[in-house]
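Going by my numbering, the letters in the sequence shown line up with residues 151 to 612, in that order. We treat Cβ as the ideally placed atom computed from N, Cα and C, and that holds for glycine. The structure appears right after this line, and notes come after that.
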Amino acid sequence: MRYISTRGTAPVLSFEEAMLTGLARDGGLYVPETIPTLSKDQIAAMAGQSYEEVAFTVMRPFIGDTFTDEEFRELIAKAYGSFGHVARAPMVQLAPNHFLLELFHGPTLAFKDFAMQLIGQMFQKALGRKGERVTIVGATSGDTGSAAIEAFRGLDNVDVFILYPHGRVSEVQRRQMTTPTELNVHALAVDGDFDDCQARLKDMFNDFEFRDGVKLAGVNSINWGRVLAQVVYYFSSAVSLGAPDREVSFTVPTGNFGDIFAGYIARQMGLPIADLVVATNQNDILDRCLKGQGYHKGGVHASISPSMDIQVSSNFERALFDAYGRDGAAIKQLMDELGQGGFDVSQGALQALQEIYHSGRASEEETSATIADTLKTSAELLCPHSAIGVKVANEQRDPAIPMITLATAHPAKFPDAVEAATGVRPGLPPRMADLFDRDERLTRVDNDLDALKTLIKGKLNA
Ligand SMILES: *Cc1c(COP(=O)(O)O)cnc(C)c1O
151 MRYISTRGTA
161 PVLSFEEAML
171 TGLARDGGLY
181 VPETIPTLSK
191 DQIAAMAGQS
201 YEEVAFTVMR
211 PFIGDTFTDE
221 EFRELIAKAY
231 GSFGHVARAP
241 MVQLAPNHFL
251 LELFHGPTLA
261 FKDFAMQLIG
271 QMFQKALGRK
281 GERVTIVGAT
291 SGDTGSAAIE
301 AFRGLDNVDV
311 FILYPHGRVS
321 EVQRRQMTTP
331 TELNVHALAV
341 DGDFDDCQAR
351 LKDMFNDFEF
361 RDGVKLAGVN
371 SINWGRVLAQ
381 VVYYFSSAVS
391 LGAPDREVSF
401 TVPTGNFGDI
411 FAGYIARQMG
421 LPIADLVVAT
431 NQNDILDRCL
441 KGQGYHKGGV
451 HASISPSMDI
461 QVSSNFERAL
471 FDAYGRDGAA
481 IKQLMDELGQ
491 GGFDVSQGAL
501 QALQEIYHSG
511 RASEEETSAT
521 IADTLKTSAE
531 LLCPHSAIGV
541 KVANEQRDPA
551 IPMITLATAH
561 PAKFPDAVEA
571 ATGVRPGLPP
581 RMADLFDRDE
591 RLTRVDNDLD
601 ALKTLIKGKL
611 NA
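Right under this line is the structure:
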């Protein structure tokens, strides 16, 4: 299995290289050269299997000879062993033919644990045998950072620096990043918004001297390994509702387009998915783009679903790459235009996107109302991100086809918004009940490339 860049000019890499590299050197994102498919029988055989067994079958064709079967099984077992639910990704029913896929039973209570826990294990294994050490730098709107710090804390071969927008993450998110005591993990509070953090991260990767000097590696949602890990729960959930003999649809609360893109990969692999619905908050650039209004950046408006507060949705580049017939030069052109403010999608590419993705958005009021309604009608307490999914799914779903809405975080990660909507303050699961008593450790930094480079080099040499 070989990996190519969406901008067409970076070296072709193996799975191991693509995973350890993150962003391609031409600024693009790595994608598999071809998508392997699973037969109907292979999918049917997943019925009744453990999450770990399904994970092995789904991901194995993508990893080439990076790990032996035995190693890979062991990494998967370690990755999900810390989850608080033995089914890993259990489902509950919200309404007739509407299901909620609970992706928040990992150590930091958001779906990002699914990918990050596995990436942590894979990095450790791959780097350990090469005797190498890397510096992981990530940008987060809250959940990626906590998941990364949790996954890499105390591992021997990595230092981790997480950039988050100062004052714009929830207290639980912040504390999950600032309370681990291991000295190989660092939370950096940047004076800016999430797009600033993401832009500085890209700057660091495009500064080859710095990149090579500190052996920079990326685990943001652009990392192919992360997308891959997320493909698994599309299979496990669809199969438990009758796939491959019965079609299902998915609605996905979307920000950086990683999670929904994993659903597209599942469909490419042969999973019968009827609709893939992108659900956005008031930062609805993706919804507008998919409705034919082009991709034009505005400002980011802080919302009660902060993990979806973005204007530059980095994984969307992968979707565009396929929609443009895998024309790297065309993608490079679009991304250059995005640097100047935005781009229009060609008619052919828009049609290709609309054949795969549907979309909708939820305002702040609609999000709160959905949290309140769902508690009343289904006795489920939703986090604001998941509520956006439920709202959009309710609008768009075909009653004859099971709809699976992804619940991307635990309500206790966003207690203020949930309490404001319902009067109920969700409690943390007992295994992390002391989070508010632990000491915090963080560094404030300007939204400035040089300041960040100096800070990171200083901490590495400390
Ligand atoms: C990251 C995140 C999202 C958005 O996922 P993408 O893969 O970036 O589209 C949605 N909800 C929560 C809770 C998240 O942490």
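Item	Value
Test item: CB-CB of L170 and I372 under 8 angstroms	no
For A160 and P565, the rounded distance between their alpha carbons	44 angstroms
Pairwise C-alpha distance: F471 and F273	27 angstroms
Anticipated Cβ contact below 8 angstroms, A339 with T520, distance rounded	That pair is no contact at about 31 angstroms.
As assigned by DSSP and simplified to three states, the class of T555	strand
Under 8 angstroms between C-beta atoms of F212 and P186	yes
Assigned exposure category for V204 - 16 Cβ within 10 Å defines buried	buried
Residue nearest to G177 in terms of C-alpha spacing, selected from Y507, K190, R396, R361	R361
Under the three-state DSSP convention, the category T404 falls into	coil
Length-filtered (4 minimum) alpha helix (DSSP H) runs lying within the region 244–310	262–280, 293–302
C-beta atoms of E545 and L250 nearer than 8 angstroms	no
beta-carbon I410 near ligand 1 non-hydrogen atom, thresh 7 angstroms	yes
Backbone CA spacing between A197 and F222 [nearest angstrom]	21 angstroms
Where the beta strand (DSSP E) containing P182 begins and where it ends	180–182
Residue from D434, G449, H451 whose Cα sits closest to the Cα of Q443	D434
Cβ pair count under 8 angstroms reaching 3, the region 532–540 against the region 392–404	yes
Other residues of its chain near T572: CB distance less than 8 angstroms, five sequence neighbours each side excluded	I521, A522, L525, L531
A567 versus I454: straight-line alpha-carbon distance, rounded	6 angstroms
Coil, strand or helix - I454 by DSSP	coil
Cβ pair L440, S509 closer than 8 angstroms	yes
Completely contained alpha helix (DSSP H) runs for the region 164–219, where each covers 4 or more residues	165–171, 190–194, 201–209
Residue from A424, R396, L378, R438 whose Cα sits closest to the Cα of F411	L378
Beta-carbon spacing of I506, L426 below 8 angstroms	yes
Alpha carbon of F261 to alpha carbon of A559, nearest angstrom	6 angstroms
In DSSP terms, what P315 is bridged to	V340
Span of the beta strand (DSSP E), counted from its first residue to its last, around A153	It should be noted that the sequence gives Tyr, not Ala, for residue 153. From DSSP, the beta strand (DSSP E) with Y153 extends over 153–155.
Span of the beta strand (DSSP E), counted from its first residue to its last, around I423	423–430
Member of A289, V310, A429, S390 whose CA lies at the smallest distance from the CA of T617	Since the first and last residues shown for the chain are 151 and 612, residue 617 lies out of range.
Alpha-carbon spacing of V382 relative to E300, whole angstroms	21 angstroms
Continuous beta strand (DSSP E) stretch holding S509: start and end	507–511
8 angstroms Cβ cutoff met for A469 and V369	no
Element boundaries [beta strand (DSSP E), containing V595]	593–595
Inter-stretch contact at 8 angstroms, needing at least 3 Cβ pairs: the region 457–468 / the region 333–350	yes
A512 Cβ short of 7 angstroms to ligand 1 heavy atom set	no
Unbroken alpha helix (DSSP H) run spanning Q443, endpoints	Q443 -> no alpha helix (DSSP H), and no H or E assigned at all.
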